[in-house]
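Asks: Protein chains in written order, with the working numbering: chain A, 1 to 115; chain B, 116 to 230.
(1) Helix, strand or coil, according to DSSP, for residue 167 of chain B in the structure here?
(2) Going by DSSP in three states, residue 27 of chain A sits in which element: helix, strand or coil?
(3) Would the stretch 184 to 204 of chain B and the stretch 84 to 92 of chain A be scored as touching if the rule is three or more Cβ pairs under 8 Å?
(4) Tell me whether residue 105 of chain A is buried or exposed, calling it buried when 16 or more other Cβ atoms sit within 10 Å of its Cβ.
(5) Put residue 211 of chain B into one of helix, strand or coil per three-state DSSP.
(6) Going by DSSP in three states, residue 200 of chain B sits in which element: helix, strand or coil?
(7) Could you pull the DSSP bridge partners for residue 59 of chain A from this structure?
(8) List, in chain order, every chain A residue whose beta-carbon is nearer than 7 Å to that of residue 217 of chain B.
(9) Residues in its own chain within less than 7 Å of residue 219 of chain B by CB, not counting five upstream and five downstream?
(10) Between the beta-carbon of residue 158 of chain B and the beta-carbon of residue 107 of chain A, is there less than 8 Å?
(11) With H, G and I counted as helix, E and B as strand and the rest as coil, what does DSSP make of residue 83 of chain A?
(12) Hey, quick one: how far does the beta strand (DSSP E) through residue 41 of chain A stretch, first residue to last?
(13) For residue 15 of chain A, count neighbouring Cβ atoms within 10 angstroms of its own Cβ and tell me buried if that reaches 16, exposed if not.
(14) Quick one: is residue 116 of chain A near chain B, going by C-beta distance under 8 Å?
(15) Find the residues of chain A that neighbour residue 173 of chain B, judging by a C-beta separation of less than 7 Å, and give them in chain order.
(16) Quick check on the DSSP output: the beta strand (DSSP E) that includes residue 6 of chain A runs from which residue to which?
(17) If distances are taken between C-alpha atoms only, which option among A:41, A:50, A:11, A:84 comes closest to residue 28 of chain A?
Written out as structure tokens, the structure reads:
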């Protein structure tokens, strides 16, 4: 079983559309994350939720809205997609938040291309 | 602010040769350090991590890394590289502003392996 799974893996969409990426973890972790990897392979955190509560919100356009219906799921909704949103989006999870040193498990990524 | 520098963007080695990938971090206290590997089209897999204790850390796939506080370094090594090691390697530090679970990544080093 995949520990952190994301869908879809590939997504091609037009500018201005709204799209969602779903993420689920079956590790029983309390904390989940969204990271973005740009075209130069640079990885940066976007959001983190701990037990459904938003704890990290980096400088991300408000067109991006994460939603955590329960602690095993963290979905990412993107409104009014722009060309610059093309990237690989990684979902991740860790046991908890704040104790430090947790291993963070990443999903396989969702390749988003905006045309 | 914490930062991670991977000085080598691209490294090419011959199969069977030894490997060292460099990583330097900027952080005042004892850092939480990680090495992740990303194979083409795949997600991120944790190779090893350092939190405290023995400064030589063993990881998966025959990799090891050594934490050197005096040099602010956490270099990744492997004595004999296999063709399957060709991938992108990311060094990361856990930021205390995110409970140490907010990872700050370096820009990555792409490893190519010649037969």
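Note that CB positions come from ideal geometry on N, CA and C, so glycine has one too.
Replies: Taking the geometry as given:
(1) Numbered from its first residue, the second chain carries residue 167 of chain B at position 52. Looking at residue 167 of chain B - three-state DSSP - the assignment turns out to be coil, as it is neither helix nor strand.
(2) As a position in the first chain, residue 27 of chain A is number 27, starting the count at 1. It is coil, neither helix nor strand.
(3) no
(4) As a first step, residue 105 of chain A is located in the first chain; it is residue number 105 there, counting from the start. Flag for residue 105 of chain A reads buried.
(5) Numbered from its first residue, the second chain carries residue 211 of chain B at position 96. Residue 211 of chain B: helix per DSSP, three-state reduction.
(6) To locate residue 200 of chain B, count along the second chain from 1; it is residue 85. Helix at residue 200 of chain B.
(7) Looking up residue 59 of chain A in the first chain gives position 59. Answer is none; residue 59 of chain A lacks a bridge partner.
(8) In the second chain, the residue the question calls residue 217 of chain B occupies position 102. The answer, in chain order, is 45, 48, 56.
(9) The residue labelled residue 219 of chain B in the question sits at position 104 within the second chain. Correct list, in chain order: 117, 118, 119, 207, 208, 210.
(10) Residue numbering aside, residue 158 of chain B sits at position 43 when the second chain is read from its first letter. Residue numbering aside, residue 107 of chain A sits at position 107 when the first chain is read from its first letter. Contact flag set, yes.
(11) Position 83 of the first chain holds residue 83 of chain A. Of the three classes helix, strand and coil, the one that applies to residue 83 of chain A here is helix, per DSSP.
(12) The sequence position of residue 41 of chain A within the first chain is 41, counting from 1. Unbroken run through residue 41 of chain A: none, as it is neither H nor E.
(13) Start at 1 with the first residue of the first chain, and residue 15 of chain A comes out as number 15. Residue 15 of chain A comes out exposed.
(14) Chain A is shown only over 1 to 115; residue 116 of chain A falls outside these bounds and no answer can be derived.
(15) Residue 173 of chain B sits at position 58 when you count from the first residue of the second chain. Those within 7 Å of residue 173 of chain B in chain A number zero; the least Cβ separation is about 15 Å.
(16) On the first chain, position 6 is the one that residue 6 of chain A refers to. Start and end: 4 to 7.
(17) In the first chain, the residue the question calls residue 28 of chain A occupies position 28. Of the candidates A:41, A:50, A:11, A:84, the one whose C-alpha sits nearest the C-alpha of residue 28 of chain A is A:50.
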